[in-house]
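Residue numbers (the numbering used here): 118 to 828.
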């Protein structure tokens with residue numbers, strides 16, 4: 118597949134809606150990723166380019182539209198669309214300098230009635246993103262498709278909401294065309310029986326836990342092995358010289374589930390026989406009660422509950438540690454009506470997605486009968502960029518798979534209890550059928566790899582079950598429902614002899630090609646009594662190499678400084694307001710001080726106008742009086758406004774003049790204001806303006822309350 122890299126440069130503020138509000142703060146917020154940074158989803162870009170293609174090539178190249186974009190409900194397009202995101206260096210610099218909040222700015226909108234006047238209660242506040250440049254890519258097949266896609270990108274001049282009001286003006290530029298998979302690894306010449314892979318999410322991934330089309334769609338917390346089987350089958354089916362059944366159906370090749378990779382350590386799901394105190398989780402460390410073994414003294418503190426879900430790690434010294442919880446995101450989506458160029462009525466749904474940049478691992482197990490040539494072809498089909506999960510052609514599902522060197526996860530076994538009880542921990546889902554061919558969750562001992570005289574002990578087992586219908590991408594339909602024993606379950610078998618290790622190594626039960634049937638016998642962690650707190654989530658370290666003169670970063674730093682200065686102003690006003698409960702200063706006098714603050718250019722000039730006495734004036738008394746009487750402007754700007762005449766009596770009461778002067782000096786001398794790189798004079802004058810306006814309102818309200826009491 119070929120890849121077309123592009124950049125989109127915005128010339129005005131823009132908003133790609135998330136469908137969500139910001140509570141009391143905003144009625145509409147833009148789409149943000151897990152770091153709080155804006156991006157353009159691939160679904161939006163795909164829709165814009167398709168609309169451009171329908172305008173440009175509907176008559177002459179209709180097949181191009183169906184081939185590249187697909188046909189609704191019947192055919193999937195061949196092109197893949199990544200999200201358009203910020204450059205990595207710029208993104209890292211914004212996160213390091215904590216400038217993400219400065220990327221958004223507020224805009225206000227109001228609805229008008231038939232008279233052209235604002236409707237009551239229809240004021241809306243929406244957040245928009247400042248102009249910037251984003252980068253994305255489009256995967257396509259033929260050079261002809263690439264040429265037409267470039268023409269469509271150049272046709273787009275606006276995107277996002279409120280385009281008719283000037284928002285979202287943009288320009289697309291193609292920066293590079295290349296062949297996909299150039300960084301793909303080459304399989305080694307000798308493939309071992311067990312091959313470990315890493316799977317890095319380059320975008321969010323949607324793996325729905327249910328086939329339901331209504332209600333909330335929860336995401337799985339693992340990658341089913343069937344997804345990796347499908348990746349290999351998509352490339353190899355029909356090309357293995359008759360080995361397709363052995364590779365994809367017989368269980369001789371097992372594509373195991375993907376699980377989180379935490380600090381280059383393999384994780385596994387918590388067993389179902391663990392119990393913890395109610396209200397506590399294993400994330401912060403916890404005392405465990407394996408097999409619900411709690412004394413009456415333990416239960417006097419708190420009741421206990423079963424630990425369901427979650428991952429844990431085995432440290433090098435054998436200690437247990439909780440793995441960080443997966444931070445899933447939720448986004449609203451809607452169907453698109455191409456005729457009305459808007460959302461379809463009644464087609465609203467949501468996706469719960471696993472986070473981008475997360476690391477996962479999985480293994481592929483080969484039986485000895487699979488040749489080295491076939492193994493190399495299977496491994497090669499998995500390596501490199503892949504698409505995974507729902508909506509993987511646009512916005513979601515971009516992953517990169519590589520070979521991984523990881524120590525095998527082999528928990529130390531515990532001796533069988535009294536020589537007769539064996540506990541099987543389900544490292545993956547298990548599925549069985551009884552002698553009549555019916556699904557069952559109570560397999561016989563032989564199905565579990567034990568001799569015929571052994572028997573399953575349900576009273577000592579801890580099982581969790583579920584039912585689901587797997588999706589078959591080839592047939593574009595769902596297969597029959599499966600009844601499964603969920604991973605993490607613990608089965609107890611009473612037997613005088615150990616199980617067949619070779620049979621367990623090959624997997625037990627059904628659907629082994631999809632990763633089912635992995636069990637561990639008597640792992641020691643089943644009897645663990647403590648688990649350590651989870652380690653903090655690791656983020657890749659590094660320093661962003663961004664030009665200090667970067668226009669966007671400079672603009673964001675300025676906005677961040679202005680925002681912080683406004684907070685300092687608000688805080689100083691609040692402190693002064695609490696300090697001054699009552700005064701004889703009238704609202705008009707506060708307004709006079711505010712008027713003088715608006716006309717001054719420096720803080721020193723304002724202090725002269727407010728606090729310096731007349732004897733400091735160099736002009737003679739007669740000339741000074743004539744100057745005052747000559748024009749109103751001079752009368753408004755003579756020095757010492759607060760320290761002479763009738764005004765001084767009101768301001769001297771309760772030491773108001775000293776409090777005002779101290780507050781102004783304290784604000785001007787704030788070291789943080791100087792460190793922000795802002796003009797101290799301008800912000801001190803602004804502080805005085807806002808302070809006077811606030812105190813005028815406060816004084817007027819106090820006077821109104823007093824008048825009401827007297828009446």
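Note that the Cβ used here is the ideal one computed from N, Cα and C, for glycine as well.
### Message
Going by C-alpha to C-alpha distance, which of 637, 622, 474, 252 sits closest to residue 159?
### Response
Closest option to residue 159, Cα to Cα, is 252.
### Query
By a C-beta neighbour count over all protein chains shown, 10 Å radius and 16 as the cutoff for buried, is residue 311 buried or exposed?
Residue environment for residue 311: exposed (fewer than 16 other C-beta atoms within 10 angstroms of its C-beta).
### Message
Going by DSSP, what residue range makes up the beta strand (DSSP E) through residue 438?
### Response
Segment 437-439, the beta strand (DSSP E) holding residue 438.
### Query
Helix or strand or just coil, what does DSSP make of residue 592?
If DSSP states are grouped into helix, strand and coil, residue 592 belongs with coil.
### Query
Between which two residues does the alpha helix (DSSP H) harbouring residue 361 extend?
Element bounds for residue 361: 361-365.
### Query
Should the segment 550-569 be regarded as contacting the segment 591-603, the criterion being three or more beta carbon pairs within less than 8 Å?
With a cut-off of 8 Å, the segment 591-603 and the segment 550-569 count as touching, because enough Cβ pairs lie within range.
### Query
What is the DSSP secondary structure of residue 382, reduced to helix, strand or coil?
Strand, per DSSP.
### Query
Nearest CA to the CA of residue 294: which residue from 254, 703, 681, 238?
Checked all of 254, 703, 681, 238; the closest Cα to residue 294 is 254.
### Query
Is it true that the CB of residue 473 sits closer than 9 Å to the CB of residue 335?
Inclusion of residue 335 and residue 473 in the CB contact set at 9 Å is not warranted, their separation being larger than that value.
### Message
Strictly by DSSP, which residues pair up with residue 572?
### Response
In the DSSP output, where bridge partners are listed per residue, residue 572 has 611.
### Message
Considering only their Cβ atoms, is the gap separating residue 390 from residue 417 smaller than 9 Å?
### Response
At least 9 Å separates the beta-carbon of residue 417 from that of residue 390.
### Message
Going by DSSP, what residue range makes up the beta strand (DSSP E) through residue 316?
### Response
Counting along the chain, residue 316 sits inside the beta strand (DSSP E) bounded by residues 311-318.
### Query
According to the Cβ coordinates, are residue 371 and residue 519 closer than 9 Å?
Contact: no.
### Query
Looking at the structure shown, is residue 408 part of a helix, part of a strand, or coil, going by DSSP?
Here DSSP, grouped into helix, strand and coil, assigns residue 408 to helix.
### Message
If the criterion is Cβ atoms closer than 9 Å, does the pair residue 699 and residue 819 meet it?
### Response
For residue 699 and residue 819, yes; Cβs fall inside 9 Å.
#### Entry: Euclidean distance between Cα positions of residue 809 and residue 238
Each residue's Cα considered, the two are about 30 Å apart.
### Query
Under 9 Å between the Cβ atoms of residue 501 and residue 517?
The Cβ-Cβ distance between residue 501 and residue 517 falls below 9 Å.
#### Entry: residue 513, DSSP secondary structure in three states
In the structure shown, residue 513 sits in coil (DSSP, three-state: anything other than H, G, I, E or B).
### Short Cβ contact (9 Å threshold) for residue 261 with residue 181
A contact, by the Cβ cut-off of 9 Å.
### Task
May I have the straight-line CA-CA distance separating residue 784 from residue 766, to the nearest angstrom?
Each residue's alpha carbon lies about 25 Å from the other.
#### Entry: Reference residue 325, options 586, 291, 397, 676, closest by Cα
Closest in alpha carbon position to residue 325, among 586, 291, 397, 676, is 586.
### Query
Do residue 479 and residue 374 have their C-beta atoms closer together than 9 Å?
Between residue 479 and residue 374, the gap from beta carbon to beta carbon is short of 9 Å.
### Task
Let me know the secondary structure DSSP gives residue 668 once reduced to three states.
Residue 668: helix per DSSP, three-state reduction.
### Task
Return the chain-ordered list of same chain residues with a C-beta closer than 7 Å to the C-beta of residue 80, the five sequence neighbours on each side being excluded.
This structure cannot settle anything about residue 80, because the visible part of the chain is limited to 118 through 828.
### Task
Pick out whichever of 634, 823, 277, 224 has its Cα sitting closest to the Cα of residue 165.
The shortest C-alpha separation from residue 165 is found at 277.
### Query
In or out: residue 749 buried (at least 16 other Cβ within 10 Å) or exposed?
Its pLDDT being 43, under 50, residue 749 is placed unreliably by the model, and the measurement read from it follows with that caveat. Per the 10 Å Cβ criterion, exposed.
### Task
In angstroms with no decimal places, state the Cα-to-Cα distance between residue 452 and residue 570.
The alpha-carbon atoms of residue 452 and residue 570 are separated by roughly 58 Å.
### Message
residue 257 and residue 185 - do their beta-carbons sit closer together than 9 Å?
### Response
For the pair residue 185 and residue 257, the CB atoms are nearer than the 9 Å cut-off.
### Message
For residue 788 and residue 719, what's the separation of their Cα atoms in angstroms?
### Response
Their backbone Cα atoms lie some 18 Å apart in a straight line.
### residue 244, enclosing beta strand (DSSP E) - first and last residue
Looking at the DSSP string, the run of the beta strand (DSSP E) that includes residue 244 is 235-246.
### Message
How far does the alpha helix (DSSP H) with residue 486 in it extend, from its first residue to its last?
### Response
Neither: residue 486 is in no alpha helix (DSSP H) and is coded neither H nor E.
### Query
Residues in its own chain within less than 7 Å of residue 116 by CB, not counting five upstream and five downstream?
Limits of the chain in this structure are 118 at one end and 828 at the other, which puts residue 116 out of reach.
### Task
Quickly, what does DSSP pair residue 579 with across the bridge? List them, please.
DSSP links residue 579 through a beta bridge to 607.
### Message
Bridge partners for residue 193 per DSSP, in chain order?
### Response
Beta-bridge pairing links residue 193 to 187.
### Query
In its own chain, which residues sit with a C-beta less than 6 Å from the C-beta of residue 454, not counting the 5 before and 5 after it?
By the criterion of a C-beta distance shorter than 6 Å, residue 454 is surrounded in its chain by 461, once the five residues flanking it on both sides are discounted.
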